[in-house]
Structures are given as C-alpha cells and as structure tokens.
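Protein chains in written order, with full-length UniProt numbering: chain E, 1 to 184; chain P, 1 to 184; chain Y, 1 to 184. Ideal Cβ positions, reconstructed from N, Cα and C, are used throughout, including at glycine. Fair warning: this is a prediction, and the values are worked out from it, not measured in the lab. Comments concern the structure below.
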C-alpha cells in the first residue's frame with residue numbers, strides 16, 4: 001500500500017511542477033481584469049476650467065491651441081484625465097490617467113502613449129504604468145502594461161483601448177480593458 | 001525504512017516546489033537593493049553652465065525659462081542629472097539620470113517620469129529604465145523599474161522616490177530607493 | 001524494484017524543478033531573435049514629403065527646423081519611420097517605428113528613446129515597445145524591450161542599437177538586434 005502511494009505520489013508532484021511552470025509561461029488567462037474609462041478634454045485657448053489636457057509641443061508652423069495639420073503629426077499633449085468605472089464623464093472619478101500622447105503619423109491618426117493610472121481611493125491604491133502605440137482608427141488597440149505599484153505591485157499585462165466616444169477635437173473617451181498576466 | 005523515506009521525500013519535494021514557485025510570484029523581498037541620489041538644476045535663461053535640465057515644452061501662454069503657472073501643468077523638462085552615492089551635489093557622480101519629466105496636473109504638483117540611470121564606472125555598468133507617476137507632494141512615491149541592461153540585465157522592480165532637498169525652482173534632489181524583484 | 005524507483009524518482013523530479021526554475025531566472029539565451037532596420041529623415045522646413053520625423057520641442061533660444069546647439073540638448077523629435085528587413089531605405093517596409101527621441105546631454109550626443117515597432121503585415125502582427133537610453137557615440141547600445149502585443153504578447157528583452165548609417169543631420173539608419181528573453 002505504502003509502496004503504491006509512493007509510486008503515484010511522484011507523478012502527482014510532477015503534474016504540480018509542470019502546471020506551476022506553465023502557469024508562468026503559457027497562461028493566457030488573465031490573473032486580474034479591470035474595465036475603466038477615461039475622459040479627455042483638450043485645451044483650446046478658452047476652456048481653461050474644463051480642459052484636462054493641453055498641447056505642449058508641435059512641429060514648425062503649428063500652434064498650441066489647435067491640433068496640427070497632417071493628422072496632428074508632431075503634437076504632444078499632456079493630460080490629467082479622470083478615470084471612471086462607467087462611461088459617464090460626470091461619474092465620481094476613481095483615479096487619474098496622467099501622462100502624454102504623441103501624434104506620430106502624417107497620413108492617418110496614430111499616437112504613442114506613455115501614461116499612468118494613479119489611484120488613491122477606497123476602490124484602488126497604487127498605480128499602473130502603460131506604454132505603447134495607438135493606431136486610433138482601429139476598433140481595438142493593444143498597449144503594454146509595463147509595471148505597477150501598490151495594489152498592482154510588479155504587475156504586467158496588456159490593455160485594450162477602444163474609442164468609446166469622440167466629439168471632434170473637443171472630447172474623447174477611451175474604454176480600457178486591462179488584462180494582467182503577471183499579478184504577483 | 002526505504003519505504004518511509006519514500007513517503008517523506010515527496011512531501012519534502014512538494015515544499016521545495018512550492019517555495020520555488022512562490023519565490024517567483026510572491027517574493028516581496030528584493031533580490032537587489034540600491035540607494036542613489038540625483039540632482040537637478042533647471043535652466044532659467046542665465047545658468048547655462050550649471051543647468052542640468054531645460055524646459056522644452058509648455059502650454060499656450062507659457063515660456064521656456066520659467067515654469068508655467070497652474071502648478072507647471074504642461075511643462076516638459078529634459079534632464080541629464082548627475083547620480084551620486086550620497087546626498088552631496090559635489091560628490092563624484094557614479095552615473096547620469098537621463099530622460100524627461102512632465103508636469104501633468106493643474107491643481108497640485110505631479111509629474112510623469114520617463115528616464116534611465118546610465119552607468120559606466122567601476123561601481124556599475126549598464127542602465128536601469130524607469131517610468132511612472134510622481135505625485136511630488138507625497139513623502140514617498142513608487143514608480144516602476146521596467147527593464148535594465150548590463151549589470152541590470154532584464155531586471156524589474158519598484159523605485160521609491162523621496163524629495164531629499166527642494167530649493168524653490170532652482171534645485172531639487174531626489175533620493176531613489178531601488179528594489180529589484182526580478183534579478184536574472 | 002518499485003521501492004528503488006521510488007527513491008530515484010524524487011531526485012529526478014528535483015532536477016526538473018530546479019531546471020524549471022532556472023529556465024526562468026538564468027536563461028541568457030534568447031527565446032526569439034529579430035534583426036530589423038529603421039530609417040529616419042528629419043524635417044528641415046523644406047522636405048515635407050520625405051521627412052519621417054520632426055523636431056517638436058526645443059529649449060529656449062532654439063527653433064524647430066534646425067537641431068539645437070549643445071549637442072541638440074533639449075530637442076524632442078517625433079518619428080514615424082519605416083522598418084525594413086535589410087539596410088536599404090527603399091526596401092518594402094514591414095512595419096513602422098513610432099514614438100520619440102529626446103536629446104539629453106549638453107556635452108555629447110545621447111538620446112532617451114520611447115517608441116514602438118508596429119507591424120501589420122504577413123511578416124509580423126502586433127507591436128514591440130521599447131524604452132531606454134541611447135549613448136549614440138557608442139558602437140552598440142542596449143535598450144529595454146518592456147512589452148509587446150500580438151505576435152509579441154507579453155515579450156520582454158533587450159534590443160541592441162547600432163548606427164548603420166549617419167548622413168549629417170539629414171538621415172540616419174539604425175540596425176536593431178532584438179533579443180527576447182521572455183517569450184510566452
């Protein structure tokens with residue numbers, strides 16, 4: 001009897017080992033999932049109170065109150081946008097999306113993003129850091145979650161962006177589906 | 001006797017397995033720790049020799065020699081700051097902190113950071129890459145160490161920033177406690 | 001016999017465990033390798049059609065059509081550069097390198113890079129995200145691959161940059177050797 005258990009146990013352990021290993025390298029099921037929205041109102045020279053972002057850099061010939069021509073190529077905008085749990089701009093923010101976007105193509109709308117979600121509420125504490133390319137005209141775009149702190153200590157993953165609303169050059173809202181694959 | 005060992009050994013192995021696994025996913029004790037300081041002197045139009053950083057972007061209405069109003073919202077500064085082992089600006093630098101900070105809130109002081117520590121000395125060789133949000137008014141702020149090269153090949157971790165000195169808009173010094181949790 | 005197997009098996013498993021662990025932490029052989037080139041033509045005020053990048057930020061006293069003095073310190077350039085499989089500017093692009101470089105030293109040429117490779121072709125689908133310091137005067141420079149999407153889902157690694165061609169301030173071409181050490 002003991003000897004039978006003894007033969008079976010190692011196999012059982014082997015299974016555990018291999019699942020421990022594959023859970024690291026091949027787990028495509030997220031260990032954590034969040035859906036959040038953030039809201040961007042660009043400064044146009046006359047909406048100082050409401051604006052949440054501002055153009056701060058532009059190529060030669062462009063100015064800082066109107067997005068540049070050629071698909072805004074070369075514009076850098078700095079933002080501090082409210083994050084909400086639903087798609088309502090007026091919902092209570094659970095955090096702030098802070099960083100920059102850079103328009104970086106001459107013949108279509110694309111941006112390069114470097115930003116963080118910063119939380120300091122009963123919902124979440126800590127931050128999530130993102131970088132990646134955003135080909136805005138695509139329905140969904142994936143960027144990288146490259147790190148986190150607090151509740152999101154050392155997390156990594158992929159965030160899928162969707163343009164949830166787009167009102168000319170006045171307001172846009174992004175839906176962000178965050179899938180963490182390393183959770184610690 | 002053999003049969004007893006045989007029953008105990010698997011449990012011993014099981015312990016090993018689970019500790020191997022948790023050392024990856026749950027090890028909150030850093031595998032490497034560094035404390036460094038860096039020093040920033042912003043260009044104000046008349047300190048060309050000493051300045052280590054410069055404002056290069058600003059929102060409409062602001063200029064590049066004085067940090068913007070509204071908590072400097074929209075300013076981007078590029079820096080090349082000396083890194084020292086202690087908090088003395090005049091200590092021999094062990095490397096350079098290079099990159100940018102972006103002031104990104106209208107109603108308090110916060111920044112978004114993207115920068116690297118670059119080492120080429122007998123102390124350290126290689127680089128450490130950081131991004132994250134810096135709510136400066138907090139005593140400590142955590143940002144992500146998202147990668148490294150050379151001595152810091154593939155490292156990841158969390159860096160805790162503390163403002164060690166702040167002299168108006170002339171000079172600031174940050175203490176950086178780097179905790180690596182993936183060391184390779 | 002059973003009892004002998006029972007004593008040996010655990011050791012065999014122990015070996016497996018330790019190799020599983022070390023394959024995570026000590027694998028210095030890349031799990032994937034790519035060599036790509038990208039090509040940058042900076043906007044100088046009169047090459048609107050051909051330019052792939054533009055200066056969008058500069059320190060006080062500099063302008064946006066000529067790189068600044070002092071080793072271009074403080075210039076931010078936004079780029080959308082073609083990626084090719086060989087070193088010929090006119091080869092069919094397999095993707096775009098999009099993001100920014102920041103000149104960040106006053107006494108030599110260095111840059112801080114934040115950019116993505118964006119692929120949407122039969123060769124590759126998805127994106128690779130990079131950040132790091134680029135001391136350009138070195139023959140080779142290592143930056144971090146901090147994440148990826150699509151074919152490069154969750155990948156991490158190190159990219160080695162080499163200046164493959166440099167024609168004054170008109171054109172440069174970088175060779176990028178990407179070594180992924182986490183492939184998923």
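Where residue i and residue j are concerned, what is the direct C-alpha to C-alpha distance, given to the nearest angstrom?
i                      : j                      : result
residue 22 of chain P  : residue 147 of chain Y : Confidence at residue 22 of chain P is low in this model, with a pLDDT of 39, below 50, so the placement of that residue is unreliable and no value is reported for it.
residue 143 of chain Y : residue 127 of chain Y : 16 Å
residue 175 of chain Y : residue 162 of chain Y : 5 Å
residue 60 of chain Y  : residue 52 of chain P  : 14 Å
residue 201 of chain E : residue 90 of chain Y  : Missing from the structure shown is residue 201 of chain E; chain E here goes from 1 to 184 and no further.
residue 82 of chain Y  : residue 154 of chain P : 27 Å
residue 66 of chain Y  : residue 165 of chain Y : 20 Å
residue 184 of chain P : residue 119 of chain P : 19 Å
residue 171 of chain P : residue 38 of chain P  : 11 Å
residue 104 of chain Y : residue 31 of chain Y  : 33 Å
residue 157 of chain E : residue 72 of chain Y  : 35 Å
residue 64 of chain P  : residue 88 of chain Y  : 39 Å
residue 78 of chain P  : residue 43 of chain P  : 10 Å
residue 41 of chain Y  : residue 152 of chain E : 40 Å
residue 48 of chain P  : residue 173 of chain E : 42 Å
residue 99 of chain P  : residue 98 of chain Y  : 18 Å
residue 94 of chain P  : residue 139 of chain E : 47 Å
Would you call residue i buried or exposed, if buried means 16 or more other Cβ atoms sit within 10 Å of its Cβ?
i                      : result
residue 122 of chain Y : exposed
residue 182 of chain Y : buried
residue 92 of chain Y  : exposed
residue 137 of chain E : exposed
residue 167 of chain E : exposed
residue 86 of chain Y  : exposed
residue 132 of chain E : buried
residue 45 of chain E  : exposed
Ordered along the chain, which non-local residues of its own chain (more than five positions away) have a Cβ less than 6 Å from that of residue i?
i                      : result
residue 70 of chain E  : 106
residue 35 of chain E  : 177
residue 57 of chain E  : 76
residue 129 of chain Y : 116, 146, 147
residue 149 of chain P : 126, 127
residue 124 of chain P : 151
For residue i, go through chain E and note every residue whose CB falls closer than 9 Å to its CB, in chain order.
i                      : result
residue 158 of chain Y : The premise fails here: residue 158 of chain Y is roughly 15 Å from chain E at the closest Cβ pair, so nothing lies under 9 Å.
residue 163 of chain P : Going along chain E, no residue has its Cβ under 9 Å from residue 163 of chain P, so there is no contact; the nearest lies around 17 Å.
residue 30 of chain P  : Within 9 Å Cβ-Cβ: nothing; residue 30 of chain P doesn't reach chain E, min ~11 Å.
Listing by chain order, which chain Y residues have their CB less than 7 Å from the CB of residue i?
i                     : result
residue 65 of chain P : 60
Might you give, ordered along the chain, the residues of its own chain that have their beta carbon closer than 8 Å to the beta carbon of residue i, omitting 5 neighbours on each side?
i                      : result
residue 134 of chain E : 101, 110, 111, 112, 113, 141, 143, 161
residue 28 of chain E  : 181
residue 96 of chain Y  : 80, 81, 82, 83, 117, 118
residue 50 of chain E  : 41
So residue i contacts chain P; which residues on that side make the cut at Cβ distance below 8 Å?
i                      : result
residue 142 of chain Y : 126, 127, 149, 150
Residues of chain P with a CB under 7 Å from the CB of residue i: which are they?
i                      : result
residue 177 of chain Y : By Cβ distance, chain P contributes nothing, its closest Cβ being about 13 Å from residue 177 of chain Y, past 7 Å.
List, in chain order, every chain Y residue whose beta-carbon is nearer than 8 Å to that of residue i.
i                      : result
residue 131 of chain E : 114, 116, 129, 131, 146, 147
residue 105 of chain E : 80, 96, 98
residue 83 of chain E  : Here the premise fails: no neighbours, minimum Cβ distance about 21 Å.
Chain E partners of residue i, CB-CB under 7 Å?
i                      : result
residue 181 of chain P : 154
residue 57 of chain P  : 56, 57, 76
Which chain P residues are close to residue i, counting only those with a beta carbon under 9 Å from its beta carbon?
i                     : result
residue 45 of chain E : 60, 61
residue 42 of chain Y : Per Cβ cutoff of 9 Å: no residues; residue 42 of chain Y is ~16 Å from chain P at best.
residue 93 of chain Y : By Cβ distance, chain P contributes nothing, its closest Cβ being about 26 Å from residue 93 of chain Y, past 9 Å.
Go through its chain and collect everything with a Cβ distance to residue i's Cβ below 7 Å, but skip five positions before and after it.
i                      : result
residue 179 of chain Y : 30, 33, 157, 158
residue 68 of chain Y  : 58, 59, 62, 74, 75
residue 108 of chain E : 71, 137
residue 169 of chain P : 42, 67
Determine the chain Y residues that contact residue i at a beta-carbon separation under 9 Å, and present them in chain order.
i                      : result
residue 110 of chain E : 80, 96, 98, 118
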